[in-house]
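This note's numbering puts the first residue of the first sequence at 17, with every later residue one more than the last. Think of the CB as a built atom: it goes at the ideal place given N, C-alpha and C, for glycine as much as any other residue. Every value quoted in this text rests on a predicted model; they were computed, and no experiment measured them.
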Amino acid sequence: MSRYNHREVEPKWRARWAEAGIDRALAPDKAKDKPKAYVLEMFPYPSGRIHVGHSRNYTMGDVIARFRRANGYNVLHPMGWDAFGLPAENAAMERGVHPGEWTRANIAAMREQLKSLGLAIDWSREFATCDVEYYKHQQAIFLAFWKQGLVYRKKQKVNWDPVDNTVLANEQVVDGKGWRSGAPVETRELEQWIFKVTAYADDLLDAIGGLDKWPDKVRLMQSNWIGKSQGAKIWWELAHVPDELKAGAPATGQSHARDPIEVFTTRPDTLFGASFLALAPDHPLTKTVAEFRPDVAAFIAKAGQLGTSEADIEKAEKFGIDLGIRVKHPFDESWELPVWAANFVLSTYGSGAIFGSPAGDQRDLDFANKYNLPFKPVVLPAGADAATHTITTEAFTEDGVIYNSGFLDGLPTQQAIARAIEELVKLKRGEATTQYRLRDWGVSRQRYWGCPIPAIHCAKCGVVPVAEKDLPIALPDDVKFDKPGNPLAHHPTWKHTPCPQCGGQAERETDTLDTFVDSSWYFLRFTDPQDASKPFDKQMASYWMPVNQYVGGIEHAVLHLLYSRFFCRGLRDCGMLDLPSGEPFASLFTQGMVVHETYKSASGQWLLPEETDVRDGVRVDLATSKPVQTGDIEKMSKSKKNVVDLDAFIQDFGADVARWFVLSDSPPERDVEWTASGVKGAWGFVQRVWTLVEAHPQPAPKTDATAPAMESDAHALRQLAHRAIQSVTDDIETFRFNVAVARSYELVNAIAKLKGADAGSVFARGEALRILAQLISPFMPHLAEESWERLGMTGFVATAPWPKADPALAARNTVTLPIQVNGKKRGEIEASKGAAEAEVREAALAHPDVRRFLEGQTVRKVIVVTDRIVNIVAA
RNA sequence: GCGAGCGUGGCGAAACCUGGUAGACGCAACGGACUUAAAAUCCGUUUCCCGAAAGGGAGUGCGGGUUCAAUUCCCGCCGCUCGCACCA
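#1: Give the straight-line distance between the Cα atoms of ASP78 and ALA758, rounded to the nearest whole angstrom.
#2: Excluding the five sequence neighbours on either side, which residues of its own chain have a C-beta within less than 7 Å of the C-beta of SER363, listed in chain order?
#3: Please state whether DSSP places CYS474 in a helix, a strand or coil.
#4: Does DSSP put PRO44 in a helix, in a strand, or in coil?
#5: Below 8 Å CB to CB, which residues in the same chain sit around THR214 once its five sequence neighbours on both sides are set aside?
#6: DSSP has VAL878 in a bridge; who is on the other side?
#7: Could you check whether THR606 and PRO62 sit closer than 8 Å to each other, using their CB atoms as the reference points?
#8: For LEU396, which residues from the same chain have a beta carbon less than 7 Å from its beta carbon, with the 5 sequence-adjacent residues on both sides left out?
#9: If you pair each beta-carbon of the stretch 608 to 626 with each one of the stretch 165 to 183, do three or more pairs fall below 8 Å?
#10: Taking the alpha helix (DSSP H) that ALA738 belongs to, which residues open and close that run?
#11: Along the chain, where does the beta strand (DSSP E) containing HIS612 start, and where does it finish?
#12: Can at least three beta-carbon pairs, one atom from the stretch 648 to 657 and one from the stretch 667 to 678, be found at a separation below 8 Å?
#13: Around the C-beta of GLU801, are 16 or more other C-beta atoms found within 10 angstroms, so that it is buried, or is it exposed?
#14: Where does ALA522 land, buried or exposed, given buried means 16+ other C-beta within 10 angstroms?
#15: Would LEU261 pass as a contact of THR302 if the rule is Cβ separation under 8 Å?
#16: Give me the Cα-Cα distance between PRO310 and PRO468, rounded to the nearest whole angstrom.
#17: Under DSSP, the alpha helix (DSSP H) around PRO864 begins and ends at which residues?
#18: Give me the Cα-Cα distance between GLY808 and TYR216, rounded to the nearest whole angstrom.
#19: Report the rounded CA-to-CA distance for PHE371 versus ALA306, giving the unit in angstroms.
#20: Answer yes if the stretch 556 to 564 comes into contact with the stretch 480 to 496, meaning at least three C-beta pairs across the two stretches below 8 Å, and no otherwise.
#21: What is the DSSP secondary structure of GLY225, reduced to helix, strand or coil?
#22: Determine the contact status of ALA730 and LEU770, defining contact as a CB-CB distance below 8 Å.
#23: Per DSSP, which residues does ASN90 bridge with? Please list them.
#24: Which residues bound the alpha helix (DSSP H) around THR304?
#25: Between LYS444, PRO390, GLY850, which has its C-alpha nearest LYS249's C-alpha?
#26: Specify, as a first and last residue, the run of the beta strand (DSSP E) that SER848 falls within.
#27: Assign PRO428 to one of three DSSP states: helix, strand, or coil.
#28: Spatial neighbours of GLU853 within its chain, please: C-beta separation below 8 Å, excluding the five flanking residues on both sides.
#29: Considering Cα atoms alone, identify which of VAL764, ALA483, PRO797, HIS798 is closest to GLU783.
#30: If you run the structure through DSSP and keep just helix, strand and coil, what is THR509?
#31: Suppose the cutoff is 8 Å on Cβ atoms and the five residues either side in sequence are ignored; what does the same chain contact list for ILE437 look like?
#32: So LEU679 packs on ILE66, CB below 8 Å; how close in whole Å?
#33: I want to know whether the stretch 46 to 62 touches the stretch 88 to 103 - three or more CB-CB distances under 8 Å.
#34: Hey, could you find the ends of the beta strand (DSSP E) HIS345 is sitting in?
#35: Where does HIS114 fall in DSSP's three states?
#36: Decide if PHE560 is buried, meaning its Cβ has at least 16 other Cβ atoms within 10 Å, or exposed.
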């Protein structure tokens with residue numbers, strides 16, 4: 017008997033699969049009546065090497081892809097590379113290697129690693145986003161979006177990363193620091209290319225309701241991100257302004273000093289509770305007042321000093337300053353309110369100004385209490401008494417009935433809001449409006465390694481789109497990274513080009529696109545990856561889209577998914593894509609990470625797991641033999657070195673063990689900890705399966721073979737095997753891979769237990785082994801294939817139809833019924849399935865243990881739940 | 001602060017959707033077989049407490065509720081994790 021040799025077996029089967037081309041998706045016209053299934057894992061950034069942590073995501077997708085194929089689907093399961101981005105430029109700067117070269121080398125290495133995992137991927141569709149054949153289509157899409165009014169330019173405050181010398185998206189700023197460089201982010205004003213995501217704000221929000229196969233968590237995060245709130249804008253007329261403002265603010269001479277102040281509110285019903293207005297520190301009016309009021313200038317400086325980190329915001333006390341301006345209440349000309357500037361008002365939301373209604377808003381109340389501003393309650397909570405209800409330090413922010421509020425008195429909140437808006441409109445002091453937290457998407461990046469933006473700046477004609485026939489605008493290869501900033505802008509010749517309109521001398525745009533653009537439509541390109549004339553064929557996209565199963569990390573819950581949803585809508589409205597819903601991903605699964613202990617040497621360096629070993633129960637540094645400090649269990653990452661290299665692991669244990677392990681034990685959406693003992697378990701399982709397969713005389717019975725007469729234990733194995741089909745099928749369908757793994761162990765244990773050499777036992781074992789090979793084939797495709805062949809089956813197990821449970825065997829005809837007395841289990845009986853209640857009741861009452869507990873008591877009630885349980889209530 | 005999720009043996013977990021034998025399966029641990037020995041493999045035990053055993057009692061973060069019956073449903077607390085964060 018030979019040991020299972022994965023080093024021979026795994027490459028052998030991969031070569032045979034490749035030769036037979038079983039992983040290729042069929043063209044729509046060749047698929048006949050097969051339904052399509054598009055299975056996709058978020059494509060990787062080619063950072064260098066893959067570690068076992070990365071493998072989980074691809075393995076999960078692969079299980080689904082293989083399962084669908086076995087169930088008769090025409091499967092599209094592609095792979096590509098999210099290949100633009102900063103790390104390549106960092107490598108160029110650090111090591112003098114060209115970003116393209118570095119990226120291509122990484123792709124080559126990672127492709128081989130992914131292949132060695134045995135993933136059923138259609139490699140004929142592979143591409144990288146840095147291929148000019150890919151990004152030229154992206155430039156065409158950009159031009160189409162531009163024409164469609166989805167692209168515009170605007171001078172914007174941007175987050176500037178002083179280390180990477182680039183603009184960062186809001187979401188690339190973490191705790192006020194650049195997400196890659198970790199440097200504190202500065203604010204600069206730059207002319208930016210912007211995608212009009214907000215054009216679809218409502219649709220993007222409403223459609224979330226239809227994404228019923230997305231995790232609730234992700235849907236919630238998306239809708240929070242869009243952050244729609246309905247309310248009113250209100251214009252507050254100035255009643256009194258300081259003389260300096262009346263004179264017209266000489267320094268800047270702006271006109272806004274006398275304009276009404278616009279405020280956004282979701283609660284116009286509380287207008288009668290207003291006691292002040294508050295402006296953001298960088299509101300234009302605040303700045304104007306600061307020009308002649310040193311104390312206001314000092315306030316602005318102080319407010320600006322406060323960090324933007326979470327901790328800072330939480331601790332920040334509210335403070336403000338009276339600007340000496342008074343405004344008229346929209347409902348009562350004679351009622352004047354003071355205008356303050358306050359640090360808690362955001363300039364970036366609404367109009368950067370609020371009205372304070374302290375009784376109905378905690379922030380306003382804190383502020384009013386601090387500065388002795390007046391307040392009166394205007395919303396009466398349900399059941400409260402208007403005569404006694406007071407507000408002191410706790411605002412009442414919920415709905416109630418309005419009082420102390422003139423014509424709004426007696427109206428419930430929602431009606432009062434409508435009524436207040438109606439009145440504002442009538443008085444021309446306001447109107448209904450909707451605010452979003454969602455902003456348009458600034459896509460300009462001042463970097464080299466990205467998709468060039470196809471635009472030309474002409475002194476005469478302004479900003480002009482590149483003609484479509486002039487695409488692609490390819491990146492120049494000869495770039496230098498010797499000084500900070502954008503190498504494209506420094507390039508001696510690249511940017512000089514004639515203007516497409518007037519023919520005069522002009523300059524190319526040197527900004528490149530945010531890499532989130534690259535990943536916003538790659539899934540469409542996979543449907544038609546070789547098309548040279550257009551991004552993708554409409555019909556091909558119609559056939560394959562939407563992606564039936566998307567698998568990826570929760571870290572992309574907001575941006576990548578939102579941008580992809582935006583892109584599909586944009587492409588649809590440009591007439592390039594037939595996808596009425598605009599929804600690219602029908603079903604989304606967010607998988608947990610692979611985590612691992614971290615190790616630090618005595619000198620404080622991170623250590624790779626293989627640089628340590630456990631001796632006499634103590635983990636030591638192999639280099640120094642000194643004990644290592646074992647740190648937290650964290651997501652595998654290169655920086656903490658808590659990674660297990662995939663190549664070495666596959667060499668030692670095989671791809672199947674890695675695949676099996678990352679899906680065992682923990683539910684897929686939860687993190688799984690990589691441990692040596694877990695590896696051992698998976699390894700032992702492979703050996704055990706092979707030992708059983710090899711011990712079995714081939715061939716195993718075919719699917720339609722008639723079973724000989726057999727003993728009850730052999731029959732029990734057959735039943736268990738057929739029930740395993742039911743369970744594993746269901747478990748894969750519902751992403752409960754860890755349970756599918758457990759069921760497989762159960763089946764193997766049962767096969768090993770049946771020892772008989774009679775025809776019935778041999779048949780039952782052979783059948784169970786055949787079923788086992790099929791059930792584990794999505795998880796451990798190499799072992800399954802080798803076993804399938806060894807059992808004398810023909811063709812690939814990978815393409816064999818998924819097994820069907822024989823209902824007669826899977827069904828249970830007798831059931832074990834627990835008998836409870838007063839809710840406690842006291843015995844059990846065997847009963848035939850669906851046995852009559854009276855019969856079960858009698859058997860239960862006759863059970864000796866049950867009788868013992870009933871002694872001296874009267875049976876009050878007997879509850880028989882058919883095929884489930886019997887409960888006897890006695891006293 | 002707001003929102004969401006989670007809390008079950010020594011550990012990872014199952015059962016929760018649809019209330020009905022809590023702890024499937026794996027790991028670890030312990031005992032045994034095989035072996036000169038070890039590894040590997042195989043067999044067995046393993047929630048806790050009392051008990052030699054038979055058996056009994058307790059038990060799914062804590063407190064309450066609904067029910068013949070609650071890990072499962074409801075309410076309140078505690079703890080952990082994640083997301084958002086002065087969004088008017």
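Let me lay it out:
#1: If you number the first sequence from 1, residue 78 lands on position 62. If you number the first sequence from 1, residue 758 lands on position 742. Whole-angstrom Cα-Cα distance: 19 Å.
#2: In the first sequence, residue 363 corresponds to position 347, counting from 1. Taken in chain order, the residues that qualify are ALA296, ASP298, HIS299.
#3: Taking the first residue of the first sequence as 1, we reach residue 474 at position 458. Strand at CYS474.
#4: Position 28 of the first sequence, counted from the first residue, corresponds to residue 44. The answer is helix: DSSP assigns PRO44 an H, G or I state.
#5: The residue you call residue 214 lines up with position 198 of the first sequence. Within the same chain, THR214 has close Cβ partners TYR452, LEU454, ARG455, ASP456.
#6: Your numbering for residue 878 matches position 862 in the first sequence. Partner(s): ILE888.
#7: Here residue 62 corresponds to residue number 46 of the first sequence, with the count starting at 1. Here residue 606 corresponds to residue number 590 of the first sequence, with the count starting at 1. Their beta carbons are not under 8 Å apart, which means PRO62 does not touch THR606 by this criterion.
#8: Numbered from its first residue, the first sequence carries residue 396 at position 380. Counting only Cβ-Cβ distances below 7 Å, and skipping sequence neighbours, we find ALA402, HIS405, GLY416, VAL417, TYR419.
#9: no
#10: Taking the first sequence and counting its residues from 1, the one referred to as residue 738 is at position 722. Per the sequence shown, the amino acid found at residue 738 is His instead of Ala. Residues 728 to 749.
#11: One-based indexing of the first sequence puts residue 612 at position 596. It spans 610 to 616 - the beta strand (DSSP E) in which HIS612 sits, taken as one unbroken run.
#12: no
#13: Stepping through the first sequence from its first residue, residue 801 is reached at position 785. Buried.
#14: As a position in the first sequence, residue 522 is number 506, starting the count at 1. Label assigned to ALA522: buried.
#15: For the purposes of this step, residue 261 is taken as the residue at position 245 of the first sequence. For the purposes of this step, residue 302 is taken as the residue at position 286 of the first sequence. Going by C-beta atoms, LEU261 is not nearer than 8 Å to THR302.
#16: On the first sequence, position 294 is the one that residue 310 refers to. On the first sequence, position 452 is the one that residue 468 refers to. Cα-Cα distance, rounded: 46 Å.
#17: As a first step, residue 864 is located in the first sequence; it is residue number 848 there, counting from the start. First-last of the alpha helix (DSSP H) with PRO864: 864 to 870.
#18: As a first step, residue 808 must be located in the first sequence, where it is residue number 792. As a first step, residue 216 must be located in the first sequence, where it is residue number 200. So the alpha carbons of these two residues sit roughly 58 Å apart.
#19: As a first step, residue 371 is located in the first sequence; it is residue number 355 there, counting from the start. As a first step, residue 306 is located in the first sequence; it is residue number 290 there, counting from the start. Distance between the alpha carbons of PHE371 and ALA306: 21 Å.
#20: no
#21: Stepping through the first sequence from its first residue, residue 225 is reached at position 209. The answer is helix: DSSP assigns GLY225 an H, G or I state.
#22: The sequence position of residue 730 within the first sequence is 714, counting from 1. The sequence position of residue 770 within the first sequence is 754, counting from 1. Yes.
#23: For this step, residue 90 is matched to residue 74 along the first sequence. Answer is LYS52.
#24: Counting from one through the first sequence, the residue named residue 304 turns up at place 288. Element bounds for THR304: 300 to 306.
#25: Here the question's residue 249 lines up with position 233 in the first sequence. The option with the nearest alpha carbon to LYS249 is LYS444.
#26: By one-based count along the first sequence, residue 848 stands at place 832. 840 to 848 is the extent of the beta strand (DSSP E) around SER848.
#27: As a first step, residue 428 must be located in the first sequence, where it is residue number 412. Of the three classes helix, strand and coil, the one that applies to PRO428 here is strand, per DSSP.
#28: Residue 853 sits at position 837 when you count from the first residue of the first sequence. Closer than 8 Å at Cβ, skipping near neighbours: VAL880, THR882.
#29: The residue labelled residue 783 in the question sits at position 767 within the first sequence. Closest by alpha carbon: VAL764.
#30: Taking the first residue of the first sequence as 1, we reach residue 509 at position 493. It is coil, neither helix nor strand.
#31: Numbered from its first residue, the first sequence carries residue 437 at position 421. These residues qualify, in order along the chain: ALA248, PRO284, GLY446, GLU447, ALA448.
#32: Position 663 of the first sequence, counting from 1, holds the residue named residue 679. Position 50 of the first sequence, counting from 1, holds the residue named residue 66. Not really, about 17 Å apart at Cβ, beyond 8 Å.
#33: yes
#34: Numbered from 1 along the first sequence, position 329 holds the residue referred to as residue 345. Note, HIS345: beta strand (DSSP E), 336 to 345.
#35: Here residue 114 corresponds to residue number 98 of the first sequence, with the count starting at 1. Of the three classes helix, strand and coil, the one that applies to HIS114 here is coil, per DSSP.
#36: Residue numbering aside, residue 560 sits at position 544 when the first sequence is read from its first letter. A small correction: the amino acid at residue 560 is Trp; Phe does not occupy that position in the sequence shown. Buried, by the Cβ-count rule.
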